[in-house]
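A short write-up of the structure that comes next.
Residue numbers (the UniProt record's numbering): 1 to 387.
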């Protein structure tokens, strides 16, 4: 049994509580939030133990992993304080708001024989495992080109001011629009991409604020709501990654190889369907229409008009509890993997150098129009067969 502690009880914290029951080896020791009213509301709903203050959490010898669910501007300070207190850290993305701070965190963790891991956990899903198996079998030959979409739809036109989590937390729309679609969403695609294709050696990025009126009010400076990045991986694979808050919802991943293509319908669905298709039949008008229908009704349709052969990624055994559409991700999976690695004396994949590399990539994609050569990397061996 590994005991964990939450810092932050906002909207995303309920996703973690929803999926905690999937991992009986984890136990919540307690939670803290600087907003006393929100902390009380969360603890009353979930029956969680509140800490009196942050120091009380850090002094709790039973809590082995601190789960940092605060807003991105607070990530570095909370992560550093936790590491200095001898705690392992699992942090919502990104690790910090600049590369130097993120590098300092990973260095501090290494010096103290601690792990610092970074969300998201969607690349630990059943769909990802199925995707890797298909690539390893050489079903599409050598991968050459990737299209990754992280379009979340025009959420600013929805009634977001009235969205609430299970325990009553407001959806932080104003903060999301100030942080921007790239820092909030690029990690869901990048976590898959670096696991499949290794470190990025070059990227070209461009971003823009296309819809400045999002109902936030005041003189708030909003971040870009559209970005595109062209990535070159050390393995030779090229990828285009788009993030946005305006185009119709599309969170698909298409990997084109010498002999065919693999298409994942939704990066936010741990059991997303995967389709294997012959070259030239990767995308279709009907697929776009299906995505638009699913966005309108707010759920994934049981039928498919994707081209090619559908491959099930459903894992046998006990069915997991996942949040409702659209965030059908086991948010606690990353923490469970971290805890398991600690017990085994191994290093979780999305920690250390990988977490730092992911943070550097997200920050680079968010930095406007420029070419960039990442200074971080990690060891990688290709995970595909060439058929």
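Virtual Cβ for every residue (Gly too), placed ideally from N, Cα, C.
Hey, quick one: how far does the beta strand (DSSP E) through residue i stretch, first residue to last?
i	result
residue 333	From DSSP, residue 333 is part of no beta strand (DSSP E) but of the alpha helix (DSSP H) over 333–344.
residue 201	200–208
In whole angstroms, what is the alpha-carbon distance linking residue i and residue j?
i	j	result
residue 3	residue 228	39 Å
residue 207	residue 343	42 Å
residue 149	residue 7	30 Å
residue 114	residue 259	43 Å
residue 121	residue 34	26 Å
residue 346	residue 231	30 Å
residue 23	residue 370	42 Å
residue 240	residue 49	44 Å
residue 9	residue 41	9 Å
residue 38	residue 109	30 Å
Please check the pair residue i and residue j, which I expect to be a contact at CB under 8 Å, by giving their CB distance rounded to whole angstroms.
i	j	result
residue 186	residue 216	Not quite, the Cβ-Cβ distance comes to about 21 Å (not below 8 Å), so this is no contact.
residue 117	residue 367	About 24 Å separates the two Cβ atoms, so there is no contact after all.
residue 353	residue 373	Actually they do not touch by this definition, with Cβ atoms about 17 Å apart.
residue 67	residue 16	7 Å
residue 245	residue 159	Not quite, the Cβ-Cβ distance comes to about 15 Å (not below 8 Å), so this is no contact.
residue 265	residue 252	6 Å
residue 203	residue 364	6 Å
residue 329	residue 268	6 Å
What residue does the alpha helix (DSSP H) around residue i start on, and which one ends it?
i	result
residue 390	The question about residue 390 has no answer here: the residues shown for the chain are numbered 1 through 387.
residue 132	126–136
residue 36	36–46
residue 169	Segment: none, residue 169 is in no alpha helix (DSSP H) and carries neither H nor E.
residue 149	Unbroken run through residue 149 is the beta strand (DSSP E), 143–151; no alpha helix (DSSP H).
residue 55	54–59
residue 352	352–365
Would you identify the three-state DSSP class for residue i, choosing helix, strand or coil?
i	result
residue 1	coil
residue 72	helix
residue 268	coil
residue 77	helix
residue 230	strand
residue 293	helix
residue 316	Here residue 316 scores only 49 on pLDDT, less than 50, and its place in the model is too uncertain to base an answer on.
residue 160	helix
residue 327	coil
residue 66	strand
**Prompt:** Counting Cβ pairs, one atom from each stretch, are 3 or more of them under 8 Å apart for the stretch 85–96 and the stretch 320–330?
**Reply:** As far as the Cβ criterion goes, the stretch 85–96 does not touch the stretch 320–330, which means the pair count is below three.
**Asked** Would you call the stretch 21–37 and the stretch 49–59 in contact, with 3 or more CB pairs under 8 Å?
**Response** Taking 8 Å as the limit for Cβ pairs, the verdict is that the stretch 49–59 does touch the stretch 21–37.
**Prompt:** Are at least three pairs of beta-carbons, each pair with one atom in the stretch 265–275 and one in the stretch 161–172, less than 8 Å apart?
**Reply:** These segments do not touch.
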